[in-house]
Each structure stands twice: as C-alpha cells, then as structure tokens.
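Number of protein chains: 2
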Amino acid sequence: MPVNLTPPLPEQLLPIKGVSLGIAEAGIKKPGRKDLLVIALDAGTKVAGVFTQNDFCAAPVVVAKEHLSNPDSESSIRALVINTGNANAGTGDEGIAHSRAACTKLARLLGCDSHQVLPFSTGVIMEPLPLEKIVAGLPSAIANLQADNWFAASQAIMTTDIVPKAVSKRISLDGAVVSITGIAKGSGMIRPNMATMLGYIATDAALSQPLLGEIVRHAAENSFNRITVDSDTSTNDAFILIGTGQAGNSTITDNTSAEFTALQDSITEVAIQLAQAIVRDGEGATKFITIQIEGGETSGECDRVAYAIAHSPLVKTAFFASDPNLGRILAAIGNADIDELNVSRLQLYLDDVLVAENGGRAHGYREQDGQRVMKQSEITVRVVLNRGRASATIWTCDLSYDYVRINADYRS
Amino acid sequence: MPVNLTPPLPEQLLPIKGVSLGIAEAGIKKPGRKDLLVIALDAGTKVAGVFTQNDFCAAPVVVAKEHLSNPDSESSIRALVINTGNANAGTGDEGIAHSRAACTKLARLLGCDSHQVLPFSTGVIMEPLPLEKIVAGLPSAIANLQADNWFAASQAIMTTDIVPKAVSKRISLDGAVVSITGIAKGSGMIRPNMATMLGYIATDAALSQPLLGEIVRHAAENSFNRITVDSDTSTNDAFILIGTGQAGNSTITDNTSAEFTALQDSITEVAIQLAQAIVRDGEGATKFITIQIEGGETSGECDRVAYAIAHSPLVKTAFFASDPNLGRILAAIGNADIDELNVSRLQLYLDDVLVAENGGRAHGYREQDGQRVMKQSEITVRVVLNRGRASATIWTCDLSYDYVRINADYRS
C-alpha cells in the first residue's frame, strides 16, 4: 500500500482555462480500465517539455520532441494523446510510424495538423503498439472532453500505480488568479533523468515560451529528477508543462520578476508533490525516505552519495525490515566514488539521531534510538560530509517482497 | 537454493605444502557455528593481495594492507586470522586497535611478530568486534592446525552462504607437480571492486614476489571483479594469493615464460570457479546469468552495458519470473550512458535466440523461444554493439523474494 498517500479529491482539482480532457477505454489494458487520454488545448497555448535520456527512448518520445522542436509550432500544439498498456518503446521504425499515425488520426478528428499533436505511451516495452485500438478509442475520448476531467485523466494514465496522482494550486499573480493543475503516473522503473514517466502540469498563467521552458527544466530538476524507486530510468519519461495564457495576468517575460519567481516556485511545488506521490506509491513501498546530503564540495558529489544510499538493495531491505542495520548506509556512502572522501569526518543522522561519526558508531548512539526511527513510515537520512557547502536532497522508498512480486507478475 | 552448485568434496581438496589451517567455534556467530579460522604459513611463503575500494574500508583491511606493504615482511607473512559474524567495519580507531590486537595475540601464540599476521573479518558492519571471544578461540584453532583442513576452513568463513566454496587444481610445471587450492565466501553485498569478500588461494608453486602480485591482480580482474549479486561493494573485500614455493619447480621469475602463463591461467581458473560459486549461491538466487557484451569500442563501455543489465532490478525480477519481458533489457542498455550509442545497430540474444535488432523486436522472434530460454536455470544474455572489437563478460543472478527475506531478516 502507498505510504501516507491518499487519492486526490476530484473537487479539489482546478480546471485550467483552455485545457479540456477526455478519456476512453480503448481495450489496450484489461477490460474496464481507462487507458486512453486526450488533452485538447486552445489555440495560442504554449507547451514545453523534458524527456528521458535513455538511449532506447520510446517512439512517442522521438515524435513528441520532433513536434515540439518545430519552431513554427512552438505555440501551436493543440492536443496530447496518451495511452497506457503499451510503451511503444524498443519498437524500431514501425513504432515511430505508429506514433505518427496516432497523431495524424487525432489531428484529423480535431481539425488541426498532425505536427500539432504530441503522443505519449506507457506500459510494456518491445511489443507492437495496438494502433487500431487507439484509433478506435479516439472518438469516445473526444466526445467526453471536459475542463473538469483532471481526476479521470489521472486515473487513465495509471499502470502499476495504486493511487492516482493529481495536485492543484491557486496563486494570485499581478492581480489575476492563476491556477495550476498537474497529474503524473509512475511506480516502478523510476529513476528519472530529466523527467519522469509521464507528468503533465497546466497553468492558465500567461508567460513567454522561453520562460515556460525555463520553468519546466527548473521544476523537473527539483522534483522528478530527485526521486528514485528502483534505479531504472524509463524509456518513456516525459514531463510536459502547458501554459494557456488565459488567466488575465500580463504576460511574464522577465525571469527576474517577482511574478516569474512566484509562478516558478508554485509550479515546482506542484511537481515536487507529484514526484513525492510517485515515491509514496513506489512498487511495494512501505517507507518514504528523504535523503539529505550536506557539506559536500559540489552538489554533484552530494547527488552521488544520495543515490548510492538510495540504490543500495541492502539499505532498502533494512528499511523494509525496520532494522537499524545502519552500517549498510556507511558501506553505501563508501561506494559513492567520491574523490578523497575522509570517512572519519562525516556524520550520519537518522532523523535527529546521530548514528555515526569519527569513522564509526557515534558515542552515545543507542540501538533503541535507531530502532525507534526505523519503525516510522517516514524517515530522513542525513549525511554531513563536512568538506564544503553544497547540498542535495532526494526521495526514495524501501525494497519489499511486493516489489519483487509486482515485477515478477507484471505482464502475466 | 544455490543454482547448480554442489558443495566441494573434502577429499577433492588438495593440501598445499607449507599451509595448515585450524578452525574454532569462538561464539561470535550463533552457537555451534565455526566462526574462526587461522591459516599458518611456513617461513619463506610469499603472500599478495587485493582489497576493497570502498572508502569505508574495514579496520582489518587497513591493517592487512599495512602489514603487506612492509617491504621487510614481503615474504615473511606467517599467519592469517579470519573471523565471521562481525565485519569490524565502520568501527573507527577502536576497530583498528582491535584488529592489531588480534594480530598481536596470534603472533604471540605462534612465536612470530604481529606484523607477520594478516587479519580479516566479515559479518555485520558498525558493531564492535568481540575481541575477547576471538582471543579466547585462538588456542583451539591453533590446536587443530592441519594441512587437509581446507573443507572445514571453507565452512568456517561462511556468512549467509548456503554452500561452502572451495576448488583445487593440479598442474605440472617444469617437471614438478604444482597444487592450487582456493576457498571463498560471499553471497550478498557482492559487487567486488578489486577483489571480493574473502577469497584465499594457495599454491606450492615457486615464483617471485612481483609475479605473485601480478597473478593476484590478473586473477581478480578476470574473476571476482566480473561478478555482481546486488551492486553493493563490501567494506571488507579481500582476495589473497599465497605461494609457499615448496612444489619443487624452479622459481618462476619471467612473466613471459610458458610456466608463468600456465600457472596464472590455472590460478585464474580456480578464482573464476570460486567467483561463479558466489553468484550461484547469491542471496535468493534461482538463476545463473552470464552477460556477454561484444563489438564495443572499449572494454570499459562493454562493462558499463553489462553492469547496467546486471544491476537492473526489473531485469533481475523478470529472470526470477522466467518472464521474457525482454524490453527491460533494452531499457537497461539505454541507461548504460554510452556515448553516441546507436540502438538501431545492436543485436540482443538470449542464448541462441535473436531477440532484438533494428531498434526493436527481431523479425522472426517468437515469444515461445524467449520463454523457453527464460525457464532455464542458466542463461546467457549476449549483446552485440557493432561499433568496435572490444568485449566483456560478467556473471550475475536474479532478484527473488528470498533476497528480500534474507536481507530483511539478517541480524535478527
């Protein structure tokens, strides 16, 4: 069961002027599961995105990047089409053709150009995309396009997720009320590198295209790029930011303005909540772990220490067992490949408990204090390297029987 | 249960002239478990070793490296003392003092200098070494020192190992019969970097100290450094090669001689068998996987692809489930961070079955062929990168429920 994660309430999700969402059961996944989502955008909406760095990036990622990079279409994207149940990754040239065809079919139904459509897929890798099912499902998805469909949309993009993930936020900008709503999916194959497996945030704020791009990169770097469930970077990761510009604020064009900062902070906060929801709903997760590294020479080396801890199966199983076998964390730190790391200078804390210093167990550390923290469902691991002023924070979860069960059963 | 791994037969293990082994139950582990091993060496025996690269390297590793680096003692190491049940890692200055004290006590009992003793520990990290139990156990270990005690020694160094690991080999060198016997332990926290968690190989061949060092590095690089169970590099990894020089061959001093090559090949073969035994006995392992990468630009990039596959939890759970969900292997290859990798040029084979090429599923690949191979207990994953002439092979295992159970239960 997810760690302290409740489903969003449909009525808490704010519609975004200029965005409507339609879902369908296209029969790609099991019968009765919504598996197709169309997001339609008003003319003039700006879109920016970041995508997986996996070399085997999926066909829809190739096509979406191509459509986004067309300078003429910068602010002319009119629709997104998203299917679950099949990733259309590792599918070669045929996969690319399938993704283009899905765009073309939707464009025809909506009366726009196929370059104005962005395709996304998630699910099993290296199986042919069932294009005909997607095409057959498009009319019913279009038929129920509605502005207040964000909750159904968050359900439609789930794969092994237990809980749908959606967050809204409202801020005041320049006298105008600006709304931000985001949805995301992801539970396994989660170690995003530039973005995570399908996240979409829309706002009605008006801002320039370059600033939209700046915000999507900033938000990804501080949210989806700070999480890991199992160290596996997906072939389909994509995080898309949509700005419809219909809130009535004067268009933001200056990235030093207070309005820009307020908007960027709010969008990043929505992205962080979605990213943390993915970890809380990590496959088999029973614990939500924050890993905080301080006093590094560079943020890069703080990241390496953080991920060395987060990716260690031995650390992850100790969390699952609530076992304060904390020497495993020291071993993981020692594996982070940090140049000239002096292990006798660092401190390891579990929440407020000082566990290790001077190269070993801290004087005064008592097993029962470690045990008390390990039993919690939310734990912060804090490592102070004492060699500089850089820091980094990431979020992860434990490794349980259920992770193995879910991934041994998937597909069957 | 280990994958196709039977315990060695005591009578198959060759004694090595100049080496005697004594074991004891020192009460460090559970009652009734042998947990202390003393290896005594005749005067004139040469010893060389390689050790973990983990920054949190254990106290005995620090002390053993120090004793081995003393130029006066190059060929004067007279004993090894090895305990299980406690790693003496993450124990700070006190741990170093404990390791030195163990050497001093054994040296006194054997009538040598403390610098002539090498200490080794394996077990839980960040708990104080129970020095008094080790000291109390030394006399009974010394009392049963025998040349034909290799089998008992292989049992005494086990931790979560199910099967003891020991291999012997006899070759003819220069008219003399040379024997090689090795033991190793390891099952979890296995991703050796320069050596693995306790491997010892002894030979009675006569060779110079520099060549002994050359062989230990060569053997480690081609055996223990080619395996991974769970990507966690231990704090205590050590691989020691002992040459007693009592076989009667003329001392080998030329690393281009046929004798050197024959000896190095045989020792490496023993090391490979021990390394593979560790993977076969990997925590929770049900499959033994060989990962073979060919056609790379450098062996380094072949290694990266191989480990990206071997460390992917999703690939490992698919093997556990015998599920040919082979797109996960493509995703792992895509995560190996290879510069300008053209995924449409590579081929993926499962044993003899061509699974993927041209960026996707191979024409003619049938699910039942993948299924057939995935059901086997021994599987070779072969990736042909088609961008150069370098290659690399590593060995790994799957990720099962039992890995989680063993590591969630360990210590309790």
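First to last, the protein sequences are chains G and Y.
Residue numbers for the first sequence follow this note's numbering, beginning at 1 and rising by one.
Residue numbers for the second sequence follow this note's numbering, beginning at 1001 and rising by one.
Each residue gets a CB set at the ideal place from its N, CA and C atoms; glycine is no exception.
Interface flag for Y/T1298 against chain G is unset, since no Cβ pair is found closer than 8 Å. Beta-carbon to beta-carbon, Y/L1138 and Y/L1109 are separated by about 6 Å, close enough to satisfy the 8 Å threshold. Around G/G85, the same chain offers I28, K29, D35, G123 as residues with beta carbons nearer than 6 Å, after the five sequence neighbours per side are excluded. Interface residue (Cβ-Cβ distance to chain G less than 8 Å): Y/Y1200 is not classified as such. Its Cα nearest to that of Y/N1070, the residue Y/A1048 stands out among Y/N1083, Y/A1362, Y/A1048.
Contact check for G/I394 against G/I291 passes: the beta carbons are separated by less than 8 Å. With a contact defined as Cβ atoms closer than 8 Å, G/S121 and G/N88 qualify at about 4 Å.
With a minimum length of 4 residues, the unbroken runs of alpha helix (DSSP H) contained wholly in the stretch 207 to 243 of chain G fall at 209 to 221. Uninterrupted alpha helix (DSSP H) stretches at least 4 residues long and entirely within the stretch 74 to 114 of chain G occur at 92 to 110, given in chain order.
In terms of Cα proximity to Y/A1026, the closest of Y/A1136, Y/V1081, Y/L1013, Y/G1188 is Y/A1136.
Shown here is that no member of the stretch 1276 to 1287 of chain Y has a Cβ falling below 8 Å from a Cβ of chain G. Between the alpha carbons of Y/G1018 and Y/F1288 lies a distance of about 36 Å.
Relative to G/Y401, the option among G/F320, G/I293, G/E297 whose CA is nearest is G/F320. Leaving aside the five residues that flank Y/L1106 on each side, the residues in its chain whose CB is nearer than 7 Å to its CB run, in chain order, V1038, A1079, V1081, V1117, L1138. Annotation for G/E66: no beta strand (DSSP E) segment contains it, though the alpha helix (DSSP H) segment containing it runs 59 to 69. Annotation for Y/V1315: I1309, R1328, I1329, A1332 place their beta carbon closer than 6 Å to its own, counting only its chain and skipping 5 residues before and after.
Look at the stretch 330 to 349 of chain G: the residues with a C-beta under 8 Å from a C-beta of chain Y are L330, A331, A332, I333, G334, N335, A336, I338, L341, V343, S344. Between the beta-carbon of Y/G1360 and that of G/G92 there is about 3 Å, and that keeps the pair under the 8 Å contact cut. Taking CB atoms only, G/P313 has a neighbour in chain Y less than 8 Å away. By the beta-carbon neighbour count (other beta carbons within 10 angstroms, threshold 16), G/E378 is exposed. For the 8 Å CB-CB criterion, G/V163 and G/C397 do not form a contact. If you draw a 10 Å sphere on the C-beta of G/G300, you find fewer than 16 other C-beta atoms in it, and that means exposed.
Contact note: G/T235 reaches chain Y through A1331, G1334, using a C-beta cutoff of 7 Å and chain order. Counting C-beta pairs closer than 8 Å gives fewer than three between the stretch 1262 to 1270 of chain Y and the stretch 1347 to 1363 of chain Y, which falls short of the contact rule. For G/A275, the enclosing alpha helix (DSSP H) stretches over residues 258 to 280. In this structure, DSSP gives Y/Q1376 a state outside helix and strand, which the three-state scheme calls coil. Annotation: Cβ neighbours of Y/N1358 in chain G (cutoff 9 Å, chain order): G92, D93. The contact set of Y/D1303 on chain G, defined by CB atoms closer than 8 Å, is empty, because the minimum CB distance reaches about 15 Å. Each residue's CA atom was taken as its position, placing G/N386 and Y/A1058 some 21 Å apart. Listed along chain G, the residues sitting closer than 7 Å to Y/M1126 by beta-carbon distance are L326, G327, L330, A356, G360, R361. In this structure Y/L1350 is in contact with Y/V1373, their Cβ atoms being roughly 5 Å apart against a cut-off of 8 Å. For a Cβ distance threshold of 9 Å, residue set P313, L314 of chain G lies close to Y/G1188, ordered along the chain. Looking at the backbone, the Cα of Y/P1210 and that of Y/S1312 are separated by about 39 Å.
Per DSSP, G/P313 has no beta bridge partner at all. Only L1399, S1400, Y1401, Y1403, V1404, R1405, N1407, A1408, D1409, Y1410, R1411, S1412 from the stretch 1397 to 1412 of chain Y bring a Cβ to less than 8 Å from some Cβ of chain G. Beta-bridge pairing by DSSP links G/P119 to G/V81.
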